[in-house]
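Step one of this worksheet: look at the structure below.
Protein chains: 2
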Amino acid sequence: MKISSFAAHSVKAKLQPHTIERRALGRSDVLIEIEYCGVCHTDLHFVNNDWGMTEYPVVPGHEIVGRVSEVGPEVEKFKVGDFAAIGCMVNSCGECSSCKSGIEQYCLQGFSATYNAPVNDPGGFTFGGYSQRIVADESFVLNLPENLSLSGAAPLLCAGITTYSPLQYWTVETGMKVGVVGLGGLGHMGVKFSHAMGAHTVMITSTPEKGEDAKILGADEVLVSTDGYSMNKEVGEFDFILNTIPVDHNIGPYMDLLKVDGTMCVVGAVEPLKQVNAAQLIFGRKKLSGSLIGGIQQTQEMLNFCGNNNIVSEVEIIKMDQIQEAFERLVKSQVKYRFVIDIKSMANA
Amino acid sequence: MKISSFAAHSVKAKLQPHTIERRALGRSDVLIEIEYCGVCHTDLHFVNNDWGMTEYPVVPGHEIVGRVSEVGPEVEKFKVGDFAAIGCMVNSCGECSSCKSGIEQYCLQGFSATYNAPVNDPGGFTFGGYSQRIVADESFVLNLPENLSLSGAAPLLCAGITTYSPLQYWTVETGMKVGVVGLGGLGHMGVKFSHAMGAHTVMITSTPEKGEDAKILGADEVLVSTDGYSMNKEVGEFDFILNTIPVDHNIGPYMDLLKVDGTMCVVGAVEPLKQVNAAQLIFGRKKLSGSLIGGIQQTQEMLNFCGNNNIVSEVEIIKMDQIQEAFERLVKSQVKYRFVIDIKSMANA
């Protein structure tokens, strides 16, 4: 099965059309004609080989939505013509305690990522959603509520579940005061979800200009982190804080905002945090944690929640040949709030 | 009420007998003739003014056991002759959400520490257990099971509750694998409690020689943290880790030992931790937390638990005039596992 696709070869991200071979449709596989694919910062890290683990040619993309065009004989959840979605995972061991608990994202063998993961299929690695088609086992394919905008739904598969999962795990609900730190691709979904779950939601940002947007997205309040007076007034007031800042930073001022027994969950900065003070943990029994996407069942729940609450991501749609420019703007945080590639723009590539 | 006591004035800890005045017995107060007082590292920090907050003369000591010699007219829990104990707190606001939840150690107004806390009583500050007598409101005085050795029970009031409380909070029980990092005053109590709660208890130490002792104290296994092979074999195996190391250190190798969703609680190092990697929190939804002593009700539960399970601290009894030497040995970790002052040795001071 030859599928015209797209691959990024060089650290300068000189992207070139590329023909890769996808695996033949297996008995429980679904073939999806991709319509939109979100652009996650992780994609750029892989294109640039920032983490030293990229296998070229890489086809990024793990925020994938489209329509089913073919199903294997044992497929039960999908029929041709259905909307379908794929997120960050396309397989896991299925045997370990994590997989058996439905948290495949913590598979003890390591889940198979949607792109750049070693597999026995043609090409030797998985290829992601910057592509016209994708084949995956139905157990890792999600049903997409029909009422959602397809382009807006794409980022739910990574940015959405990455923020929904910790808010659910730490049981965010009415009566709680929840802070979301950082208003980007992750943060704007955090605000929408926290609001929809009924919590008093506070956008915490260093950029006062983002305040108006945050309120439109669902924030009840905006707290400017550089305003010492306001920060001081909020010390000890928050039940839960979702921290989406993508790089190391001083977490101390945010830990101060937590109540006794409160938790701050980091989902952005996958790196060493050089300013963690154990005294802040000890005096208040506070928790610092992290969270990675979500399990398949929870991802489906999140999509259903979005369908019921009419939640999608705020997106800027681009054509495939605008990806280089999009990457450059992504680095400068010049996007509200997620780029999504219109895969139809590849038709003539 | 003049009571012969003992105060440490100088940063060189040149301790001198000193006469301080304690408050007159209030209506709900208890007067305790102190028999033993444990020596906590915090005492030395205060004597040396390491934290820049010491008010001299300071009378340290918050691991206090003795016998009631007088009670106010409204006292209900104690009668003259009862064993009684006082830990790190002698008062709290009683009004805040923490106090109302029985976690006075996290009182939002700050609890009144047993020594060096500002009060309206004579002297202007609380005075602790390196002293022949102490007066406190009965609501902060604990009942001591009659079957426990008095000297061995003294350290339960700080080292005991500091380790018991997090083990209870994180619901340590049979079927769990629990690590205790560091075998000192705190760690040896952590091992005893974790064992008594039914967990498979692993002493994690950089000092192989401590292994035999740890097993006598109740450890099922000993894991030497400098043995890379053994540490690697235990990656992802622990439900909970109690970290009693008193100074900053690289927590990474211990975080690796945790299962998905596992927690490490820091009770020793009240200072910045310079090596925390958010990636370790994110890949496994692991929690880093801390814990401070315990509430009054939980401290009583801990003492009852000790009475039922015949648990006391391992102690070396010293005379009051050996305190300087004891402090010096404490700094060198030359004690198994807690110094306790025989307060009767002050009789002729």
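Sequences listed follow chains A and B, in order.
Counting from 1, one number per residue, gives the positions in the first sequence under our numbering.
Counting from 1001, one number per residue, gives the positions in the second sequence under our numbering.
Ideal placement from N, C-alpha and C gives every residue a C-beta, glycine not left out.
From a predicted model like this one, the values you see are computed outputs, not experimental measurements.
- Here B/Leu-1288 really is in contact with A/Leu-288; their C-beta atoms are around 5 Å apart, less than 8 Å.
- At a C-beta separation below 8 Å, B/Gln-1275 has these neighbours in chain A: Pro-272.
- At a cut-off of 8 Å between C-beta atoms, B/Arg-1285 counts as an interface residue with respect to chain A.
- No residue range can be given for A/Cys-93, since it is assigned to no beta strand (DSSP E) and is classified by DSSP as neither H nor E.
- Within the same chain, and ignoring the five residues on either side of B/Leu-1292 in sequence, the residues whose Cβ sits closer than 6 Å to its Cβ are Gln-1105.
- Taking a C-beta distance under 8 Å as the contact criterion, A/Pro-272 and B/Val-1276 qualify as a contact pair.
- What B/Val-1267 touches in chain A, judged by beta-carbon distance under 8 Å, is Ile-282, going in chain order.
- Comparing alpha-carbon positions, the option among B/Ser-1345, B/Ala-1347 and B/Val-1340 lying closest to B/Leu-1150 turns out to be B/Val-1340.
- Annotation: B/Ala-1199 to B/Asp-1213 spans about 18 Å, alpha carbon to alpha carbon.
- Contacts between A/Ser-98 and chain B, judged by CB atoms closer than 7 Å, involve Val-1260 in chain order.
- Listed as beta-bridge partners of B/Asp-1342 by DSSP are B/Tyr-1036 and B/Lys-1319.
- Beyond the five residues adjoining it in sequence on each side, B/Gly-1081 comes within less than 7 Å, by CB distance, of Arg-1067 and Val-1068 in the same chain, given in chain order.
- Taking the CA atoms as reference points, B/Gly-1182 sits about 35 Å from A/Phe-111.
- When the beta-carbon positions are compared, A/Ala-269 and A/Pro-246 come within less than 8 Å of each other.
- With contacts defined as CB atoms closer than 8 Å, A/Thr-114 and A/Val-90 qualify as a contacting pair.
- The DSSP-derived three-state label of A/Phe-127 is coil.
- Take the alpha-carbon of A/Ser-345 and the one of A/Glu-325: they are about 15 Å apart.
- With a threshold of 8 Å between beta carbons, B/Gly-1182 makes no contact with chain A.
- Contact of B/Ser-1092 with chain A is not assigned, every C-beta pair being separated by 8 Å or more.
- When C-alpha distances from A/His-249 are compared across B/Leu-1108, B/Lys-1274, B/His-1249 and B/Met-1231, the shortest belongs to B/Lys-1274.
- Residue environment for B/Gly-1252: exposed (fewer than 16 other C-beta atoms within 10 angstroms of its C-beta).
- The beta carbon of B/Tyr-1164 sits no closer than 8 Å to any beta carbon of chain A.
- Nearest CB-CB separation between A/Ala-214 and chain B: not below the 8 Å threshold.
- For B/Ser-1165, the closest of B/Ala-1347, B/Asn-1304, B/Gln-1298 and B/Gly-1026 by C-alpha to C-alpha distance is B/Gln-1298.
- A/Glu-301 and A/Val-65 have their alpha carbons spaced roughly 16 Å apart.
- Closer than 8 Å to the CB of B/Ala-1136 there is not a single CB belonging to chain A.
- Per DSSP, B/Lys-1192 is not a residue of any beta strand (DSSP E); the alpha helix (DSSP H) it occupies stretches across 1185-1196.
- At a cut-off of 8 Å between beta carbons, A/Ala-24 makes no contact with chain B.
- For A/Cys-306, the enclosing alpha helix (DSSP H) covers residues 296-309.
- Contacts with chain B at 8 Å (Cβ-Cβ) do not include A/Ala-117.
- Each residue's CA atom was taken as its position, placing B/Met-1053 and B/Gly-1061 some 16 Å apart.
- Counting other Cβ atoms within 10 Å of its Cβ, A/Arg-27 stays below 16 and is therefore classed as exposed.
- The CB of A/Ala-279 comes closer than 7 Å to the CB of Val-1270 and Glu-1271 in chain B, given here in chain order.
- Under the three-pair Cβ rule at 8 Å, the region 1168-1186 of chain B counts as touching the region 1230-1242 of chain B.
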